[in-house]
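Below is one structure, written out as structure tokens; the observations come after it.
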Amino acid sequence: MSEILNGVASGQVMLVSDGQRTPRSQTAVEYLTKYGFLYEDQAQQLQFASSMHLKIWLHSNRTEPIGYMVSDISHEDFVLACVKRMSASRLQNFATENTSSIARERQIQMELYSATTSCLPRGVLVTPEWRTDDGKGFIDLMIRGSSILWFWELLVNGDDAVNHSKRFETGGKYYGSLTGSSRYVLIDFRQNKGVRHEKHGFLYVSFVDSYTKALVFSLGKSVVSIELSS
Numbered sequence: 001m002s003e004i005l006n007g008v009a010s011g012q013v014m015l016v017s018d019g020q021r022t023p024r025s026q027t028a029v030e031y032l033t034k035y036g037f038l039y040e041d042q043a044q045q046l047q048f049a050s051s052m053h054l055k056i057w058l059h060s061n062r063t064e065p066i067g068y069m070v071s072d073i074s075h076e077d078f079v080l081a082c083v084k085r086m087s088a089s090r091l092q093n094f095a096t097e098n099t100s101s102i103a104r105e106r107q108i109q110m111e112l113y114s115a116t117t118s119c120l121p122r123g124v125l126v127t128p129e130w131r132t133d134d135g136k137g138f139i140d141l142m143i144r145g146s147s148i149l150w151f152w153e154l155l156v157n158g159d160d161a162v163n164h165s166k167r168f169e170t171g172g173k174y175y176g177s178l179t180g181s182s183r184y185v186l187i188d189f190r191q192n193k194g195v196r197h198e199k200h201g202f203l204y205v206s207f208v209d210s211y212t213k214a215l216v217f218s219l220g221k222s223v224v225s226i227e228l229s230s
């Protein structure tokens, strides 16, 4: 059952009926759908019944951190540390499974979530699809601890970048959740598309060498090359 739920949570394409699945796993799928924890979408793929179901599963199965460095690291350096902990092999598998030959935003989001929780003590809240204080929108990742409040919005290949940026500006649907001490960043993951014009507030992560490495850069800063975990 854990394998099924972890697969759906990560964004893996999982069908209700799969001939490669063991009888035990197929029974688990039937129970999870029967009792409303998962459902079958129009593409016959398994999805969590709601974002709350997803969050309950993620929180209850959050692993112990490998090590963390929030107290003595800058926000941007922490983002780099989390990107470095993303799994190259899982991203490669996602890209192979998808007809587009690239990892989808949901898959990247959940891989970054897993990497982030590995860098933080369990007392720091990390949640995907965090609902803003005024209920106007959902931010891809929110990190909250005793001294930090960070918001991360994710894009793939620059899709709808202008509108994403406006959400954090005055009057935008994320603006009301910002405080004087909070930080936010728009992380633009590039897989097969270059960056023509770097934008303020964006951090660009360009995967290279089949997701084994990434070039990370932002407006006015030099390119940093990092190796992803296996």
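In terms of full-length UniProt numbering, the sequence shown opens at residue 1 and continues consecutively. Yeah, the Cβ is synthetic: ideal placement off N, Cα and C, and Gly gets one too.
For the 9 Å CB-CB criterion, Gln109 and Asp160 do not form a contact. According to the DSSP assignment, Gln92 belongs to the alpha helix (DSSP H) that extends over 88 to 97. Around the beta carbon of Tyr35, a 10 Å sphere encloses fewer than 16 other beta carbons of the protein chains shown; the residue is thus reported as exposed.
Comparing C-alpha distances from Leu15 to each of Gly7, Leu46, Ser229, Ser25 shows the shortest one belongs to Leu46. Every beta strand (DSSP E) stretch that sits fully inside the segment 105 to 151 and reaches 3 residues is listed by chain position as 125 to 131, 138 to 144. Per the DSSP secondary-structure output, Lys213 pairs in a beta bridge with Val208, Glu227. Annotated three-state conformation of Leu38 is strand, per DSSP.
Residue range 46 to 48 is occupied by the beta strand (DSSP E) that includes Leu46, with no alpha helix (DSSP H) assigned at that position. Taking a 10 Å sphere around the C-beta of Asp77, we find fewer than 16 other C-beta atoms and assign the residue as exposed.
Put simply, the backbone Cα of Ser229 is about 10 Å away from that of Cys82. Note on geometry: alpha-carbon atoms of Asn93 and Ser210 lie some 10 Å from one another. Residue pairing for Tyr184: DSSP places it in a beta bridge opposite Phe151. Between Asn163 and Arg190 a beta carbon distance of about 18 Å is seen, past the 8 Å cut, so the two are scored as non-contacting. Here Val29 is buried, its C-beta having at least 16 other C-beta atoms within 10 Å. Burial check for Arg90: the Cβ neighbour count within 10 Å reaches 16 or more, so the residue is buried.
With distances taken between CA atoms, Glu153 lies nearest to Val79 out of Val79, Gly135, Asn6, Val208. By the Cβ rule, the segment 120 to 130 counts as touching the segment 140 to 149, because three or more pairs are nearer than 8 Å.
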